[in-house]
Amino acid sequence: MSAPERIPPRSVSTGTDDGPGTGAAAVRLLADGELTVRGRIPDASNAALYCTVRLDGAEAACVYKPVAGERPLWDFPDGTLAQREVAAFEVSDATGWGLVPPTVLREGPHGEGMCQLWIEAVPDTELLALVAEEEPPPGWKAIGLAEVGEGETALLVHADDERLRRLAVLDAVINNADRKGGHLLPAAGERLYGIDHGVSFHAENKLRTLLWGWAGEPLTGEALTVLDALGQALKDGAPLAARLGTLITPAELDATRARVAALLAAGRHPEPTGEWPAIPWPPV
Numbered sequence: 000m001s002a003p004e005r006i007p008p009r010s011v012s013t014g015t016d017d018g019p020g021t022g023a024a025a026v027r028l029l030a031d032g033e034l035t036v037r038g039r040i041p042d043a044s045n046a047a048l049y050c051t052v053r054l055d056g057a058e059a060a061c062v063y064k065p066v067a068g069e070r071p072l073w074d075f076p077d078g079t080l081a082q083r084e085v086a087a088f089e090v091s092d093a094t095g096w097g098l099v100p101p102t103v104l105r106e107g108p109h110g111e112g113m114c115q116l117w118i119e120a121v122p123d124t125e126l127l128a129l130v131a132e133e134e135p136p137p138g139w140k141a142i143g144l145a146e147v148g149e150g151e152t153a154l155l156v157h158a159d160d161e162r163l164r165r166l167a168v169l170d171a172v173i174n175n176a177d178r179k180g181g182h183l184l185p186a187a188g189e190r191l192y193g194i195d196h197g198v199s200f201h202a203e204n205k206l207r208t209l210l211w212g213w214a215g216e217p218l219t220g221e222a223l224t225v226l227d228a229l230g231q232a233l234k235d236g237a238p239l240a241a242r243l244g245t246l247i248t249p250a251e252l253d254a255t256r257a258r259v260a261a262l263l264a265a266g267r268h269p270e271p272t273g274e275w276p277a278i279p280w281p282p283v
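Oh and the sequence shown: position 161 is 160 in numbering that gives the first Met the number 0, straight run, nothing missing.
Written out as structure tokens, the structure is:
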């Protein structure tokens with residue numbers, strides 16, 4: 000399979016004024032449009048194909064990850080990563096924060112897989128940094144020390160950004176086991192998206208993220224309001240719960256409800272437990 004001339008690695012497209020945007024029209028286009036593979040996305044751990052999708056004259060770029068191209072993992076059931084990516088979009092959509100690009104489960108040229116709108120990342124947007132100071136500078140939150148070579152270390156920090164803070168809450172809800180720096184996509188219009196949620200929703204605690212800067216701090220009032228509404232949306236019989244029930248196991252759905260309830264009860268961002276590596280590797 001030949002690659003197109005340019006595939007921006009690890010990136011997604013919000014569309015243009017004439018395109019589908021990122022709402023219901025984008026979901027319909029992804030679900031029902033004609034999917035054409037244009038090339039393979041480099042450096043992806045599982046098969047990830049760069050595609051275009053076309054329906055009723057509308058066209059957009061997208062990522063297609065067929066279930067058949069998923070590598071087995073020791074701690075997640077085989078052939079379930081695509082469903083987890085769609086479940087992450089469903090929860091993100093329910094929060095109203097729009098942190099995950101539109102994502103659907105559909106048939107494609109290589110069988111069933113997830114299809115996600117391609118979002119073009121805005122270059123030169125600094126969300127992560129290494130600093131020589133022992134404390135983060137103003138506007139930054141500390142993650143931890145990182146080796147920078149020859150026995151030297153530096154402080155790894157992330158921006159004190161409300162968009163990242165929302166994403167940290169979403170990751171805690173979906174139990175994201177792989178929030179790397181490369182999974183953060185700043186987009187046009189000051190939007191921020193997170194991608195690659197295939198290892199989420201495990202029933203056991205597996206939260207691994209770079210977004211620990213708010214660990215132990217009180218949740219914002221906005222986050223508490225969103226979590227309360229999300230708890231209602233996850234109740235048996237609610238539309239969101241029904242959709243998630245087709246994507247993750249009953250035990251995983253119950254665990255998601257429990258995580259939302261625990262966040263509301265604590266009123267604080269979670270902290271690393273020490274039972275599981277807190278930061279993914281490689282971190283970026």
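Glycine included, every Cβ here is placed at the ideal spot set by N, Cα and C.
What residue range does the beta strand (DSSP E) around residue i cover?
i       : result
Glu-111 : 110 to 116
Pro-238 : First-last for Pro-238: 238 to 244, but that is the alpha helix (DSSP H), not the beta strand (DSSP E).
Leu-155 : 151 to 158
Leu-183 : 183 to 186
Thr-102 : 102 to 107
Leu-209 : It is not in any beta strand (DSSP E) - Leu-209 carries neither H nor E in the DSSP assignment.
Gly-193 : 190 to 193
Leu-127 : 127 to 130
Taking buried to mean at least 16 other C-beta atoms within 10 Å of its own C-beta, is residue i buried or exposed?
i       : result
Pro-281 : exposed
Gly-197 : buried
Arg-267 : exposed
Pro-135 : buried
Leu-252 : buried
Thr-152 : exposed
Gly-78  : exposed
Arg-53  : exposed
Glu-216 : exposed
Gly-273 : exposed
Gly-70  : The sequence shown places Arg at residue 70, not Gly. Classification of Arg-70: exposed, given that the 10 Å Cβ count is below 16.
Asp-74  : exposed
From which residue to which residue does the alpha helix (DSSP H) around residue i run?
i       : result
Arg-256 : 249 to 265
Val-121 : Taken as a continuous stretch (DSSP letters only), Val-121 belongs to no alpha helix (DSSP H), as it is neither H nor E.
Arg-165 : 161 to 173
Quick check: the Cα distance between residue i and residue j, rounded to an integer number of angstroms?
i       : j       : result
Thr-219 : Ala-87  : 21 Å
Ala-241 : Asp-235 : 7 Å
Trp-139 : Leu-28  : 38 Å
Pro-122 : His-182 : 14 Å
Asp-163 : Pro-279 : First, the residue type needs correcting, since residue 163 is Leu and not Asp in the sequence shown. Looking at the two C-alpha atoms, the distance is approximately 17 Å.
Leu-226 : Gly-150 : 43 Å
His-157 : Glu-133 : 14 Å
Asp-352 : Leu-98  : Residue 352 is absent from the model: the chain starts at 0 and stops at 283.
Thr-224 : Gly-148 : 44 Å
Ala-261 : Val-172 : 10 Å
Ala-23  : Glu-58  : 14 Å
Gly-180 : Asp-195 : 11 Å
Pro-276 : Ala-176 : 9 Å
Ala-228 : Ala-145 : 38 Å
Ile-40  : Pro-76  : 24 Å
Pro-271 : Pro-108 : 41 Å
Glu-161 : Pro-65  : 33 Å
Val-283 : Leu-129 : 12 Å
Check this for me: beta carbons of residue i and residue j, under 9 Å apart or not?
i       : j       : result
Glu-119 : Ala-30  : no
Ala-60  : Cys-50  : yes
Thr-248 : Pro-185 : no
Leu-127 : Leu-209 : yes
Leu-116 : Pro-100 : yes
Gln-82  : Leu-233 : no
Gly-193 : Leu-166 : yes
Ala-47  : Ala-67  : no
Glu-89  : Leu-263 : no
Gly-112 : Leu-104 : yes
Val-36  : Tyr-63  : yes
Measuring from the CB of residue i, is there a heavy atom of the ligand FMN at a distance below 8 Å?
i       : result
Thr-224 : For the ligand FMN, the structure offers nothing, since it holds no ligand at all.
State the beta-bridge partners of residue i as determined by DSSP.
i       : result
Pro-76  : Per DSSP, none; premise fails for Pro-76.
Leu-221 : Inspection of the sequence shows that residue 221 is occupied by Glu rather than by Leu. Answer by DSSP bridge pairing: none, since Glu-221 is not bridged.
Glu-33  : Arg-53
Leu-328 : Within the shown structure, residues of the chain are numbered from 0 to 283, placing residue 328 beyond reach of any answer.
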